[in-house]
Amino acid sequence: AQKITQTQPGMFVQEKEAVTLDCTYDTSDPSYGLFWYKQPSSGEMIFLIYQGSYDQQNATEGRYSLNFQKARKSANLVISASQLGDSAMYFCAMRGMNTGFQKLVFGTGTRLLVSP
Amino acid sequence: DVKVTQSSRYLVKRTGEKVFLECVQDMDHENMFWYRQDPGLGLRLIYFSYDVKMKEKGDIPEGYSVSREKKERFSLILESASTNQTSMYLCASSPPDRSTDTQYFGPGTRLTVL
Chain A
24 AQKITQTQPG MFVQEKEAVT LDCTYDTSDP SYGLFWYKQP SSGEMIFLIY QGSYDQQNAT
84 EGRYSLNFQK ARKSANLVIS ASQLGDSAMY FCAMRGMNTG FQKLVFGTGT RLLVSP
Chain B
879 DVKVTQSSRY LVKRTGEKVF LECVQDMDHE NMFWYRQDPG LGLRLIYFSY DVKMKEKGDI
939 PEGYSVSREK KERFSLILES ASTNQTSMYL CASSPPDRST DTQYFGPGTR LTVL
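So the protein lines, in turn, are chains A and B.
Take the working numbering: the final residue in the first sequence is number 139, and no numbers are missing along the way.
Take the working numbering: the final residue in the second sequence is number 992, and no numbers are missing along the way.
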């Protein structure tokens, strides 16, 4: 079975500072993908970044980067230069080969609040 | 851009009513999903469908059924709504099975059962 753990229910950061949101995972799949999503108060889930288990380099997308440490089974999201609009819920998720890459398993989320 | 739409943003129903939540996607995706989201529990998969008329149970299918008569449309049905089904419901779609493909989500339906 696959499991995602997000241990930070809430995080606070000041505008323009960097913040790391933690995510650890557990899976027996040899091949899997890791995702981060943002959910603003409006409710829609916005895809941020993807990391494949065989990718040699950490994924980056603009101000988002994924600190992937395979041996530790962690996939932390780093947001650089936080903006007020980054205040939202953030979910880590994974999908694996053994489930045909169809299903996503989500963590419980971290609520990020960016203050001026 | 992929677009996933859900029939209602907010819905209020009474206990025992039959409830239909509709989801439509415009990208010809094979896979469609229904999740419910509750505080502290994240998103949990109710049902998914990988083709027309095909469905598979997710992690919490009890009290729900689904229908997929057309590729673009995936309906979630609460046969007899109960108060413990008050939740946020999210629909998603994705292309065929590759690990790199994200799921695309609709805006969600916040259902309240009184």
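All C-beta atoms, glycine included, are put in the ideal place defined by N, C-alpha and C.
- Annotation: the continuous beta strand (DSSP E) that includes G56 (chain A) extends over 55-62.
- When DSSP states are grouped into helix, strand and coil, T28 (chain A) belongs to the strand group.
- As the crow flies, the alpha-carbon of Q125 (chain A) is around 11 Å from that of L923 (chain B).
- For S927 (chain B), the uninterrupted beta strand (DSSP E) run begins and ends at 920-929, by DSSP.
- By alpha-carbon distance to Q74 (chain A), the top candidate from A:Y60, A:A24, A:F35 is A:Y60.
- K96 (chain A) has its alpha-carbon roughly 13 Å from the corresponding atom of S54 (chain A).
- Per the coordinates, the alpha-carbon of Q29 (chain A) lies some 6 Å from the alpha-carbon of T131 (chain A).
- In this model, D916 (chain B) and Q80 (chain A) are separated by some 34 Å (Cα to Cα).
- DSSP places L992 (chain B) outside both helix and strand once states are collapsed to three, so it counts as coil.
- For chain B, the residues of the region 62-96 of chain A that bring a beta carbon within less than 9 Å of one of its beta carbons are Q62, S65, G66, E67, M68, I69, F70, Y73, G75, S76, in chain order.
- The C-beta distance from S76 (chain A) to G56 (chain A) rounds to 7 Å, short enough to meet the 8 Å contact threshold.
- Under the 10 Å beta carbon count, G986 (chain B) is surrounded by 16 or more other beta carbons and is classified as buried.
- G108 (chain A) sits in a helix when the DSSP states are folded into three classes.
- Within the region 940-969 of chain B, those residues whose Cβ lies closer than 8 Å to any Cβ of chain A are, in chain order, M966, L968.
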